[in-house]
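The numbering of the sequence shown is our numbering, which starts it at 423 and goes up by one.
For each residue, glycine too, the CB sits at the ideal point set by N, CA and C.
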Amino acid sequence: MPAVSIVIPNYNGAEHLSVCLNSIKQQSYTNYEIIVVDNGSTDESIALINARGIEVTVYRFSENKGFAAAVNYGIQNSQEKFIALLNNDIELDSRWLEKLINAIESDSELGSVACKMLNFFDRTIIDATGDVLTRAGNIIGRGAGEKDHGQFDEKKYVFGVCAGAGIYRREVFERVGLYDEDFFAWFEDADHSFRSQITGYKCLYVPTAVCYHKRGATAKKMSAIAVRLHARNHLYYLIKNIPVQIFWRNIFYISASRLRNWFTIVRYGDMRALLWAFYRICVELPRLLKKRKLIQNSRTVSLSYLQSLFHQ
423 MPAVSIVIPN
433 YNGAEHLSVC
443 LNSIKQQSYT
453 NYEIIVVDNG
463 STDESIALIN
473 ARGIEVTVYR
483 FSENKGFAAA
493 VNYGIQNSQE
503 KFIALLNNDI
513 ELDSRWLEKL
523 INAIESDSEL
533 GSVACKMLNF
543 FDRTIIDATG
553 DVLTRAGNII
563 GRGAGEKDHG
573 QFDEKKYVFG
583 VCAGAGIYRR
593 EVFERVGLYD
603 EDFFAWFEDA
613 DHSFRSQITG
623 YKCLYVPTAV
633 CYHKRGATAK
643 KMSAIAVRLH
653 ARNHLYYLIK
663 NIPVQIFWRN
673 IFYISASRLR
683 NWFTIVRYGD
693 MRALLWAFYR
703 ICVELPRLLK
713 KRKLIQNSRT
723 VSLSYLQSLF
733 HQ
């Protein structure tokens, strides 16, 4: 039974943590450590953790440093060969960890394994069955919003795993790198999935590993900056990762999608968010290009393979 480090970033998640931690305690697979990295919470999160009677290692930031920084700190202070990342607003099926560890142990090419995520409040609705990459460069949860009729009940290679619930080999973080903390939150897992694929690590979706997600529970507490980060981070992710040849091959879809997104932002009265995103891209472009060069130089797979990841 190889050991697993379960890393949970937390920001004012007291209302969710009890369910999350209890579901970990009920896992059939028991060789794990739990690490909670708290992003400067002002609620009763820490007191709640201490009151649960569950062995948890807690690290506390004095301020909200973002999802990526919290996850990275947890990974850096973990001990085990495999790392499971988990949002605080997740409830796990009792065999979730067992199914994930069995899958990732069975194939050395796997860098990560994605699970079936269902809606916490209506468990007949799919939240995601692994992440897929569209021709427009968008990352979407496969099957999100669909009624679960078993249409995604076969194992399948996917583009990546949602960082809200999935498992990774430690060697992926050692070779590919940690999450990019410049993202702060949103798209950092998409960025890491692309870097993993470029370096030759695959991601497998396992339908028998099931969890239930209150999507957006933490994001609602950060709504004031969410639009800005979404607008900026999608461009971050595109600039860093997509090879030039593939960009030109998909330029119509990528451009149309970005224009549609920007129009939606302006339409709903958040022009300042869009201007802020453009400004930050201009300021940080030299650093982005340096990161891009390192990523593209690390590529071990063919361009045709990367293009095959872009779905219609």
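Below 8 angstroms on the Cβ atoms is my contact criterion, and I expect L508 with I457 to pass it. Report the Cβ-Cβ distance as a whole number of Å.
Actually they do not touch by this definition, with Cβ atoms about 10 angstroms apart.
Residue burial classification, M539 (beta-carbon count within 10 angstroms, cutoff 16)
buried
M644 in three-state terms, based on DSSP
Any reading at M644 needs caution, since the residue's pLDDT is 48, under 50, leaving its predicted position unreliable; the model's value is listed next. Looking at M644 - three-state DSSP - the assignment turns out to be helix.
Would you say D515 and H438 are within 9 angstroms of each other, going by their C-beta atoms?
no
Who does K569 pair with in a DSSP beta bridge?
I547
Every unbroken alpha helix (DSSP H) within the segment 423 to 505, with a cutoff of 4 residues, ordered by chain:
436 to 447, 467 to 473 and 489 to 498
Touching or not, the segment 522 to 538 and the segment 612 to 632, by the rule of three or more beta carbon pairs under 8 angstroms?
yes
Taking V459 as the reference, which of E466, F489 and R474 has the closest Cα?
F489
Is it true that the segment 468 to 483 meets the segment 580 to 592, where meeting means three or more beta-carbon pairs spaced less than 8 angstroms apart?
no
Between the segment 590 to 602 and the segment 559 to 571, do three or more beta carbon pairs fall short of 8 angstroms?
no
Give the straight-line distance between the Cα atoms of I661 and K487, rounded to the nearest whole angstrom.
23 angstroms
With distances taken between CB atoms, is the gap from L651 to F606 smaller than 9 angstroms?
yes
Where are the beta strand (DSSP E) runs, 3 residues long or more, that stay fully inside the segment 563 to 607, in chain order?
578 to 580 and 587 to 591
Looking at C-alpha atoms only, which residue of N560, Y433, I446 and S528 is the closest neighbour of N663?
N560
Tell me whether I664 sits in a helix, a strand or coil according to DSSP, three-state version.
coil
Nearest to V750 (by Cα), restricted to the options F700, S720, F504 and E455:
Coverage of the chain is limited to positions 423 through 734, which leaves residue 750 absent and any answer about it impossible.
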